[in-house]
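Student:
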Amino acid sequence: MQQANSLDVIIGLGGSGLSAVNFLCAEGRCVAVTDEQPAPSLAPKLPEDVQTAFGGIDEALLLSANRIIISPGVDPRHPAIQSAKSADIPVLSDIQLFCDALHARDERTGKHTPIVAITGSNAKSTVTTLVGEMAKQAGKVVGVGGNIGTPALDLLAIDGMDLAVLELSSFQLEHVSHLGASVATILNISPDHLDRHGDMTGYLAQKLRIFDDARAAVICLDDTELQASCQQVLSDHGVSEAAVITTSGVIDCDCHADFCLVKSEGRIYLCCRGEHLLSADELFIKGKHNLLNALSALALGQAVGLDMPSMIAALKAFKGLPHRCEYVDEVAGRAYFNDSKGTNIGSTLAAIDGLGAVYGERSLAIILGGLGKGQDFSELGADIDKYAHSVYLIGADAGVIEKDLSATSGLSKRIQQLGTLQAAVDLASQSSAKAVLLSPACASFDQFKSYGDRGDKFVSMVKALA
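Under the UniProt record's numbering, think of the first position of the sequence shown as 1, with each following residue one higher.
Have a look at this one:
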């Protein structure tokens, strides 16, 4: 048991760092904060008694700590942090603090507050938000946060919280030791943050921490390697097969997943163990990948006891999140989709494959480009060749992308470098494509303030066409 006067040191004064400070101060702890920045923007919001060491991570301060709470944006390979770990000083995340506090509160009150834990390379925010909306529709008091919106520790202030739904990044999971979720899932995995985790093995290892002490899990059967990794970890943690709910986004009448897609009489249905729940036509969100997101949310909700009619009602009302394969408008017979959040190859593949399944082969005008982050864009070649009517390249690494994509035979004739987003939208609007998709597979900072700025400008350009 920690003593009230023991020193807790928070590294990194971002949103989660400040929430950790406020939580620990309210618990009567002695708290200090250190940050690389000389004047963090949130410093004026610190309580008066908090010790600070800014302008670099203070190794001496860390070595005097009883425990260290590390913010997700801080690289744990920093020499000062490594020194603290070598001195056997515990390093944990705000997520672990949240889970410990929630479990302790439940023990005191005799209440069980389920935690739904969601991670993956892509679609985390969509599924997290959707589960939250389903819980609200079911009449639950729900806290939604973590890597999305509200820091996890701030959810503890929600009066009468019945359910916590957490989006978790690999950075947050890196310093979690016993999450204890009621149900957990890894939605998908594709290369990301390899500069931090070293390689895919290291990246996946952090994602798999989400199953630590989990009571149940949702596993997608479409990625056999990820499925095997998840099942092995769950077996190691003693989670029975009966506590595993499976999903599949493959449209197949013979699918053995608990939640799957079935095509019948020309329509695609979302199904649960053979029962047709609703048709894809009844949803605002489009694309096969979004149908899989919907199935994942249904499975997670069912695992924590949400009733199916409420979940279906929430699903029918859900219009998706901004910049995540967001339907913008239909102009002159063409549908426009804003997937500016698609900043890596895996996300863009999901968008292309998902919308391609709806609109058909060679139906999409696809806008790619920005800062490529050293990715191999040839991985997009097969799907683009199948579903692209035309490809418009923008941004700093347009030449790199064209070179990589041209390795796919016959694709180069459909590729044009245009430089700017406006030029791409103008040309796409004159094409015979059925749908126009902005899914850059790149960071935005060469031409825009953020992926949100890029997406907002795209939406404005589309609205100007109407």
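We treat Cβ as the ideally placed atom computed from N, Cα and C, and that holds for glycine.
With C-beta atoms as the reference, is L380 less than 8 Å away from T348?
Tutor: yes
Student: Between H276, A257, G399 and A443, which lies nearest to S264 when the distance is taken from Cα to Cα?
Tutor: H276
Student: Helix, strand or coil: which one does DSSP assign to F448?
Tutor: coil
Student: Which same chain residues, not among the five before or five after residue 467, have their C-beta less than 8 Å away from its C-beta?
Tutor: Residue 467 lies beyond the range of the chain shown here (1 to 466); nothing can be said about it.
Student: Measure from the alpha carbon of S340 to the alpha carbon of each residue in I245, Q447 and L166, then state which is nearest.
Tutor: Restricting attention to I245, Q447 and L166, the CA atom closest to the CA of S340 is found in Q447.
Student: Taking the C-alpha atoms as reference points, what is the distance between S429 and V144?
Tutor: One C-alpha to the other measures close to 38 Å.
Student: List the whole-angstrom C-beta distance separating K286 from L355, where the pair is believed to meet the contact cut-off of C-beta under 8 Å.
Tutor: 7 Å
Student: So which of P440, L315 and D426 has the shortest CA-CA distance to L130?
Tutor: L315
Student: By Cβ distance below 7 Å, which residues in the same chain neighbour E282 in space, the five residues on each side in sequence not counted?
Tutor: K316
Student: Is the stretch 48 to 61 touching the stretch 28 to 36 in the sense that three or more CB pairs, one from each, lie closer than 8 Å?
Tutor: Yes: at least three Cβ pairs fall under 8 Å.
Student: What are the partner residues of I118, as DSSP defines its beta bridges?
Tutor: For I118, which the question treats as bridged, DSSP gives the partners E167 and T185.
Student: Starting from H103, trace the alpha helix (DSSP H) in both directions and tell me its first and last residue.
Tutor: D94 to T109 is the span of the alpha helix (DSSP H), which, as asked, contains H103.
Student: Using 8 Å as the cut-off, can you tell me whether the stretch 87 to 95 makes contact with the stretch 65 to 72, which would need three or more C-beta pairs spanning the two stretches below that distance?
Tutor: yes
Student: What would DSSP say about N338, mapped onto helix, strand or coil?
Tutor: Of the three classes helix, strand and coil, the one that applies to N338 here is strand, per DSSP.
Student: Ignoring anything shorter than 3 residues or poking outside the stretch 239 to 291, list the beta strand (DSSP E) runs there in chain order.
Tutor: 244 to 251, 259 to 264, 267 to 272 and 275 to 279
Student: Kindly give me the distance between the Cβ atoms of T246 and I219, rounded to whole angstroms, as I take these residues to be in contact under 8 Å.
Tutor: 6 Å
Student: With respect to the alpha helix (DSSP H) encompassing A350, which residues constitute its N-terminal and C-terminal limits?
Tutor: I345 to Y359
Student: Which residue's Cα is closest to the Cα of K140: P114, A157 and D453?
Tutor: P114
Student: Of the choices L156, L97, G132 and V358, whose alpha-carbon is the least far from that of H178?
Tutor: Among L156, L97, G132 and V358, the Cα nearest to that of H178 is on L97.
Student: Is it the case that the Cβ atoms of A181 and V239 are separated by a distance below 8 Å?
Tutor: Contact: no.
Student: Flag this pair as touching only if the stretch 381 to 397 and the stretch 407 to 420 have three or more C-beta atom pairs under 8 Å; answer yes or no.
Tutor: yes
Student: Please list, in chain order, all residues of the same chain as L208 whose beta carbon is under 6 Å from its beta carbon, the five residues on each side excluded.
Tutor: V233
Student: Below 6 Å CB to CB, which residues in the same chain sit around Y336 once its five sequence neighbours on both sides are set aside?
Tutor: V328, D329, V436 and V462.
Student: Could you tell me which uninterrupted beta strand (DSSP E) segments, each at least 3 residues in length, are contained entirely in the stretch 384 to 460, listed from first to last along the chain?
Tutor: 388 to 394, 415 to 419 and 435 to 438
Student: How would you write the range of the alpha helix (DSSP H) that F23 sits in, first residue to last?
Tutor: First-last of the alpha helix (DSSP H) with F23: G15 to A26.
Student: Residue range of the alpha helix (DSSP H) that Q37 falls in?
Tutor: No alpha helix (DSSP H) contains Q37, which DSSP labels as neither H nor E.
Student: Note down the Cα distance separating C99 from L156, rounded to an integer number of angstroms.
Tutor: 10 Å
Student: On a CA-only basis, which of L163, K111, G28 and L13 is nearest D49? Give me that one, please.
Tutor: G28
Student: Give the straight-line distance between the Cα atoms of V31 and S93, rounded to the nearest whole angstrom.
Tutor: Approximately 15 Å, taken between the alpha carbons.
Student: For I158, which residues from the same chain have a beta carbon less than 7 Å from its beta carbon, with the 5 sequence-adjacent residues on both sides left out?
Tutor: V141 and G143
Student: For T129, report the span of its alpha helix (DSSP H) as first-last.
Tutor: K124 to Q137
Student: Applying the 10 Å Cβ sphere with the 16-neighbour rule, what's the burial state of T109?
Tutor: exposed
Student: Hey, is L292's beta-carbon within less than 8 Å of any beta-carbon in chain D?
Tutor: Annotation note: the requested chain D is absent from the structure, which comprises a single protein chain.
Student: Check E225 in the structure and name its three-state DSSP category.
Tutor: helix
Student: Pull up the distance between the alpha-carbon of A407 and that of L292, whole angstroms please.
Tutor: So the alpha carbons of these two residues sit roughly 30 Å apart.
Student: Tell me the rounded alpha-carbon separation between A297 and P76.
Tutor: 32 Å
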